[in-house]
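In this note's numbering, the protein residues as written are 3 to 730. Each remark here refers to the structure printed beneath this line.
Structure, rendered in structure tokens:
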């Protein structure tokens, strides 16, 4: 494969990018986009019409008579301006957008870590305000949002000395190790970025060995090092004109077999990305933005382009889809990119979820369609009617001779005419009976009541169609009755409609969060330090991010937050002073959060009331008094227990004495009986007889032993005599 690519390059042809058994050709990919183009163009034309109505308002038709009013009331724009903050504020009002819950108890820790990482990425690594504003405005204006999810990794090389260290045990280095331990616990971010690697290694070895270890430099060499400059997810709101979606997916983007997207770039940007090849075969001037018919150029690229080749803008066409690359009948996700007729990227999808890296959100869903509708699709006729009626009213006023004064010709002579025009007293001719008849002041004509009623009806219908209350007396409780229940019903209907739109937008952000979780587990650096609060830091490991989770968003509407705050306030008032202070602080903290005052909520949660010193001393004295009383009671109880124990001991002593006296009396009685009956004398006789017999037997045994000794001596003498005879 490498030899074939080298041969193609030497021959001036683009190299093959893969060794797939069944790889798609550039013609195959272009044909898919070409076949889907008619359906795509039909949807693009609708969106262009909606945007034209949004920008131009109820402009007069092209065949309108000349000289009339050209005013174009922007009803759709007015409704949209009310809708933008209502939909964006729920996402931006909280710092912790994501709530991650584990599906099983084994994933609890991973869920906590993922929540920290996701909220950190949305708050710090992504311009959340810009993204949410563009996300909401695109949905409201165009009816459809297509978000392209990606990952940006960038590292740079730098030269510097590489030191060789030897680590030795040094008790004098103990204070430094203790300082490093405290510094890491207090500020792990600065510890990771500011502490040299040799000191980190010494810190680790010291903890392992239990003794201070000092790094000692042995030598150094010049080497090339790498460091990560950027490693974060990216989000891009796609231009609806340049994104072609598989028309056979029936509105479900998860079933789409391909999505094509073209974007503007340059040779320099493509080179920096590090994932494109065959760039030397691209001629930017032949693939400029204006020369690409299927790409809608951005506003800044229409009349301007750079002259130098590295920065000249060119159009890159991406194709994300599925293909049977192994020829076994199973498709796998892949990505291809080309400029003109030069294929610069062809590889399997790098994203770990094995899905297309796009999230589609519809503002007002259309059945079996990938694209939704905005409010402008509902308000087009109302805006035209309001524009026509408004222009008619303005023409009625504009064509009148307002403030002009007419004077009867024979009413004044030349002298008195000059006095009249100068504002002086004048005389009128006697043939005019009343000067009020001779002088006429022109004024604006009254606008017909029917025109004002028509405007009011159109505004009311527009607000009823969209549910947006813009203070034009449209959505009101009067339509249901002048009662509190009618007003509440109208507001509930409006809020429910807004909540339905918000739920669809939230589902899109949840899908983005799921893709972030999958990418974090694969692309995130080994350790990321996430700041939780101003004092607390949590070290997140990439291995802890894998698992199955339920992802939710911490969003709500202002009306819903206000209702919750009122309910909590009513609960607080109902309990009154009988409520525990800790529980009262909990409710007050929740109210502050709902009122969008997180600082106050934090202070309420951490507030600890300082007791009155006098009351505190009185309480201490009361406690001391109670302790003294308890000690006194315990002492009395101990005395009573000792007395009871002493009484028990005396009882046992007296019982022993009584038993001893009884035994002595019984012994004396027995001795008296034995003496009287002669038993004692008989027992003495038997004792003396046994002693005599024992002494006789002992003497007999002694005598027998003496005889045995004599026999033994005679035997010894005999043996000696025999021995002498043998010797002689």
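Glycine residues also receive a C-beta, built at the ideal position from the N, C-alpha and C atoms. It should be emphasised that the depicted structure is a prediction, and the values quoted were computed from it without experimental measurement.
- Nearest to residue 215 by C-alpha distance, out of 222, 221, 207, is 207.
- Burial of residue 514 is indicated by the presence of at least 16 other C-beta atoms within 10 angstroms of its C-beta.
- For residue 240, the three-state secondary structure derived from DSSP is coil.
- In the three-state scheme derived from DSSP, where H, G and I count as helix and E and B as strand, residue 310 is classed as coil.
- The alpha carbon of residue 89 has as its nearest neighbour, out of 726, 497, 287, 677, the alpha carbon of 497.
- Ranked by Cα distance from residue 370, the options 523, 264, 254 are led by 254.
- Nearest Cα to residue 586 within the set 598, 596, 595, 573: 573.
- Nearest in C-alpha terms to residue 506, of all of 362, 688, 354, is 362.
- Counting C-beta atoms within 10 angstroms of its own C-beta, residue 196 has fewer than 16 neighbours from the protein chains shown and is therefore classed as exposed.
- In this structure, the CA atom of residue 610 is about 9 Å from the CA atom of residue 584.
- DSSP, reduced to helix, strand and coil, places residue 664 within a helical segment of the structure shown.
- Contact between the stretch 71-87 and the stretch 392-402 is present, with at least three C-beta pairs closer than 8 Å.
- Residue 124 has its alpha-carbon roughly 37 Å from the corresponding atom of residue 309.
- If you ignore the 5 residues before and after residue 323, its C-beta comes within less than 6 Å of the C-beta of 259, 260, all in its own chain and listed in chain order.
- By the beta-carbon neighbour count (other beta carbons within 10 angstroms, threshold 16), residue 85 is buried.
- Between residue 145 and residue 386, the C-beta gap is not smaller than 8 Å, which leaves the two residues out of contact.
- Annotation: residue 524 to residue 335 spans about 17 Å, alpha carbon to alpha carbon.
- Contact between the stretch 238-258 and the stretch 348-365 is present, with at least three C-beta pairs closer than 8 Å.
- The three-state reading of DSSP puts residue 205 in helix, counting H, G and I together.
- In the three-state DSSP reduction, residue 196 falls in the helix class (H, G or I).
- Within the same chain, and ignoring the five residues on either side of residue 314 in sequence, the residues whose Cβ sits closer than 8 Å to its Cβ are 268, 269, 286, 287, 290, 307, 308.
- By a beta-carbon distance limit of 8 Å, residue 95 contacts residue 598. Their separation comes to about 6 Å.
- In terms of Cβ geometry, residue 82 and residue 143 form a close pair [threshold 8 Å].
- Apart from the 5 residues on each side of it in sequence, residue 230 sits with its Cβ closer than 8 Å to the Cβ of 155, 156, 157, 527 in its chain, given in chain order.
- Secondary structure note for residue 85: it is in no beta strand (DSSP E), and the uninterrupted alpha helix (DSSP H) holding it is 77-94.
- Secondary structure in the stretch 337-423: the alpha helix (DSSP H) runs of 4 residues or longer, each lying completely within the stretch, are 378-400 in chain order.
- Cα atoms of residue 171 and residue 232: separation of roughly 38 Å, rounded to the nearest angstrom.
- Between the stretch 432-439 and the stretch 410-418, the count of C-beta pairs closer than 8 Å reaches three or more; the two stretches touch.
- Contact check for residue 131 against residue 120 fails: the beta carbons are separated by 8 Å or more.
- DSSP places residue 597 in no alpha helix (DSSP H); its state is neither H nor E.
- Exposed is the label assigned to residue 449, since fewer than 16 other Cβ atoms lie within 10 Å of its Cβ.
- Linking residue 349 to residue 256 through their CA atoms gives a straight-line distance of about 20 Å.
- Separation of residue 353 and residue 236 (C-alpha to C-alpha, rounded to the nearest whole angstrom) is 13 Å.
- Beta-bridge partners assigned by DSSP to residue 162: 225.
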